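Chains as they are written, first to last, in our numbering: chain A, 1 to 102; chain B, 1001 to 1629; chain C, 2001 to 2172.
Single-structure report; data block below.
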């Protein structure tokens, strides 16, 4: 297939990761925060695939498979928590979550 | 007989230990028996030793007894050594005898006090310390006794500790004498460094080999003088003695009249070799003595508390002793000490009788006409007062004060102005003595007395007054018949006076002069206080007289001066230093920690987005560290 | 073929950018799905068809759909969009962008090391992947399945009606 420089692919992954990070820090709505975390996870997966392809090993895809599974489980639980939060605080403001201190 | 010397200080010490441990558990009679008995035994042994010593003076004019080693550090060895020569013999005889009589007196005086056993314990400790002081053969043991008497003075002045003024007076006495003690210790260190030992014999020998007038001798002598001045309440450390009268009267009699305050005199006499090597310091001693005697005499003239009058009188008489020491008349000073101990303690004990009889009244202008009420006390008081004021016939019998004045006139270091000071002092002494006598015992009876005092109080003070009165007779006999006298005795230990302007042949003239001075003062006191005329009263109301009166009453405002110079600045500095710069370092450290804590507390604020931001920043930093380091 | 890679890369980046700056949650989700599809294309071009299929089926098809369902339940309306506009002002972007740029710079610094490797030489067949998965990594597959089970239970528990423990629940 195409011969892509590994570094180019990894830079792409880095850019996507940075964008996701910005999203996590900037947004106040918890849905967007979770979404940005998804972006970061996806970027990591991309990095794995690129490296795996460069090594010509299937391990990259295997890792991607696992990352995907974990992401799925995490999102399920996370969204359940979001719904709980919505029921309790009637809003999706992250700033409401400020009890973890002391 | 002389081997029993060690018992003399040990017996009162044993008495102290027993009373300190078990005093409150044994009966009052037992306490008196132990307290007085130990001093009685000590006195008997002391007198026997004195007789044995006088009878056959041992080789080298001294007897030494070493009881054991105290400590040994590198090359410096200190023993518990006792040294007996003519000077020590006189001192132990006087100290134990006077202490015995005062202990007998206090059995009655303190009978109703709840601290009875405590009193006798302290008194015994005092007698033991004083005896150690005078018997010590090295300066360190002397200093041990010195500190011991200082401690007992503090304990006994503040004996009735429930009143705050008594505690303040005790602390004041301790602190002022402490200043003198510190100077003395520095002097001891100097001697130790120079000679490697503090034994009195070796030190005296070593000093006499140094050049006369050398800086070392002057400084050492000056420091020892500092110690003596503190203990003996001379200028400039004299402010504690009048306030020390807050203690019970037997304490004032024993400690602050007869014995402790003469420890300074003893010290200078004992270390005379150092002083003789430093003529300027001896001159300073004489000047201090002259100044103090005048200052105290004038102050005594205007006091109204009977014990304060006697306290200032003590200060003045010790000034005479210092004057004698300063001109090199060592024996005269010791002789004066002996006579002074007798009559001053007699006066104090009489005052105690009056105070106790009048239920604690100290003001002499509230007493009056007591010669009919306390006849025995009156007789003893008159005898002692006549000796103090040097009225004939007591002046003809070679009164010790006259001896001093003659020595001042005639010896090498003396000068006419010192003699004049002494003569004026004699005039004022007689004046205040007779003022006291006339005001207290003559005139109208103002306060009715409480009870009669018992024999056990009257007898000691009568004995003391009587002995004071006849103290001049041996001198008289010697000058008339050439019998060996106390002077000759003391010359075995102390050097003679160096005579420059001889008074040979004119001594009878001086005697008449002194007698005239004393009689004139008596007359003055009579005029002012017995039959005050209108002129006298008018004078006493003038501006000058009133201000002078208050100045003299305040002891020439030394207290006020010391307060302004030392106390106020010290308190000010202490107050500033509460938060001084070293404190600020620690406070600053604490403040830094508090600040950092507050900073970090702000980080744990529970806000989710803040936490995420911190995670990101942390990971950036860590990755940065990994890359670049 | 490389041109497809670059086009997809650009699409992915732009779509992600729009995702994080969008005010409307649904719109953001949809753009993210677009981004995911673009990365699926990238995977395919690099010679990993299995991964590409996984992206489309699981990532875009399950996880994102889950997101969409939840957002529908929360029912954001105009009010939410106004709120988002309020919460995300221009000032908020400064610090996060700055931090992200620094992190990116560090990444790129590490990446620019000597040596060139090339990806996408050959296609890696799903069969190979399957052999690896259930051969070498069998244990991890089992563990991941346990994680999925736990996630399932967690999600079920969290979505109960009320979260307070009633006394009736304690009795059994």
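Ideal Cβ positions, reconstructed from N, Cα and C, are used throughout, including at glycine.
For clarity, every value in this text was computed on a predicted model and none was experimentally measured.
Would residue 1286/B and residue 1418/B qualify as a contact pair, given that the criterion is a beta-carbon distance under 9 Å?
yes
With a cut-off of 9 Å, does the C-beta of residue 1598/B fall near any C-beta of chain A?
no
Per-residue DSSP class, three states only, for residue 98/A:
coil
CB contact flag (residue 25/A, residue 2100/C, <9 Å):
yes
Inspect the beta-carbon positions of residue 30/A and residue 2035/C and report whether they are closer than 9 Å.
no
DSSP puts residue 1136/B in a beta bridge; with which residues?
1082/B
Under 9 Å between the Cβ atoms of residue 1132/B and residue 1142/B?
yes
Can you give me the C-alpha to C-alpha distance between residue 1284/B and residue 1183/B, rounded to a whole angstrom?
16 Å
Residue from 1455/B, 1626/B, 1019/B and 1372/B whose Cα sits closest to the Cα of residue 1445/B
1372/B
Partners in chain A for residue 1158/B, counting only beta-carbon separations shorter than 7 Å:
By Cβ distance, chain A contributes nothing, its closest Cβ being about 57 Å from residue 1158/B, past 7 Å.
At 9 Å on the CB atoms, spell out the chain A contacts of residue 1606/B, in chain order.
97, 98, 99, 100, 101 and 102
Measure from the C-beta of residue 37/A to each C-beta in chain C and report whether the shortest distance is under 9 Å.
no
Simplified DSSP assignment, three categories, for residue 1070/B:
strand
Distance, Cα to Cα, residue 1197/B vs residue 1219/B?
18 Å
Within the chosen definition, does the segment 1066-1077 of chain B reach the segment 1426-1441 of chain B through at least 3 CB pairs nearer than 8 Å?
no
Is residue 89/A close to chain C? Criterion is C-beta to C-beta, closer than 9 Å.
no
According to the neighbour-count rule (16 or more other Cβ atoms, all chains shown, within 10 Å of its Cβ), is residue 1105/B buried or exposed?
buried
Report the rounded CA-to-CA distance for residue 1397/B versus residue 1361/B, giving the unit in angstroms.
For residue 1397/B, the pLDDT reaches just 47, beneath the cut-off of 50, and the residue's location in the model is therefore unreliable, although a value from the coordinates is still provided. The alpha-carbon atoms of residue 1397/B and residue 1361/B are separated by roughly 36 Å.
Near residue 1154/B, which residues of its chain fall below 7 Å by C-beta distance, leaving aside the five closest residues on each side in sequence?
1170, 1173 and 1174
Taking only beta-carbon positions, decide if residue 24/A is within less than 9 Å of chain B.
yes
According to the Cβ coordinates, are residue 1356/B and residue 1462/B closer than 9 Å?
no
C-beta contact flag for residue 1146/B and residue 1231/B at 9 Å:
yes
Taking 8 Å as the cut-off, does the CB of residue 94/A come closer than this to any heavy atom belonging to the ligand SAM?
As presented, the structure is devoid of all ligands, the ligand SAM included, so that no description of it is given.
Buried or exposed for residue 1259/B, going by 16 or more other Cβ atoms inside 10 Å?
buried
Give the interface partners of residue 2112/C over in chain B, defined as CB-CB distance under 7 Å, in chain order.
The contacting residues do not exist; residue 2112/C stays about 12 Å from chain B at best.
How many angstroms separate the CA atom of residue 59/A from the CA atom of residue 52/A?
6 Å
Report the option in 1591/B, 1019/B, 1111/B and 1177/B whose CA atom is closest to the CA atom of residue 1256/B.
1177/B
Please state the DSSP three-state secondary structure of residue 1397/B.
Model confidence at residue 1397/B stands at a pLDDT of 47, short of 50, so the residue's coordinates are unreliable and nothing is read from them.
Once the 5 residues before and after residue 1042/B are set aside, which same chain residues still bring their CB inside 6 Å of it?
1008, 1011, 1012 and 1096
Any chance you could list the alpha helix (DSSP H) runs of at least 4 consecutive residues sitting entirely within the segment 1552-1578 of chain B, in chain order?
1558-1562 and 1568-1576
Ordered along the chain, which non-local residues of its own chain (more than five positions away) have a Cβ less than 8 Å from that of residue 2012/C?
2035, 2038, 2039 and 2042
Quick one: what does DSSP say residue 1063/B is sitting in, helix, strand or coil?
strand
By a C-beta neighbour count over all protein chains shown, 10 Å radius and 16 as the cutoff for buried, is residue 2031/C buried or exposed?
buried
Between the segment 1286-1299 of chain B and the segment 1258-1275 of chain B, do three or more beta carbon pairs fall short of 8 Å?
no
Please name the residue or residues paired with residue 1076/B in a DSSP beta bridge.
1073/B
When you compare only the Cα positions, how much space is there between residue 1202/B and residue 1081/B?
14 Å
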